[in-house]
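Take a look at the structure below.
In the working numbering, the protein residues as written are 596 to 685.
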């Protein structure tokens, strides 16, 4: 599944266009690499998402669209780090 679509369906990001913008500026990492919104996400991958005030690291548990639409557990939070607004983790 595409990265931007996964972020939207897993509810890590509210809108798919926001997920695309975040990936384009480098605020999303897949397995410790900066990737494009079209990158493929699969079970067992590690995502790091840099929000304006925090950095969230999650493990992908489910990547099937049908199950994500039925509210299946999509990810497991590995770590969450708070950052200042002045710091830009990406």
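From the three backbone atoms N, C-alpha and C, an ideal C-beta is built for every residue, glycine too.
Taking 6 Å as the limit between beta carbons, can you name the residues of its chain near residue i, skipping five residues before and five after?
i           : result
residue 623 : 617, 644
residue 716 : Since the first residue of the chain shown is 596 and the last is 685, residue 716 is not available in this structure.
Please identify the residue among the options whose C-alpha is closest to the C-alpha of residue i.
i           : options            : result
residue 602 : 647, 682, 635      : 635
residue 600 : 629, 633, 627, 619 : 633
residue 677 : 652, 669, 661, 660 : 652
residue 681 : 646, 626, 674, 662 : 646
residue 673 : 665, 640, 628      : 640
Check residue i in the structure and name its three-state DSSP category.
i           : result
residue 652 : strand
residue 624 : strand
residue 607 : coil
residue 664 : helix
residue 616 : helix
Tell me, please, which residues DSSP counts as bridged to residue i.
i           : result
residue 674 : 652
residue 642 : 625, 653
Excluding the five sequence neighbours on either side, which residues of its own chain have a C-beta within less than 8 Å of the C-beta of residue i, listed in chain order?
i           : result
residue 630 : 598, 618, 623, 624
residue 671 : 653, 654, 656
residue 638 : 655, 656, 657, 658
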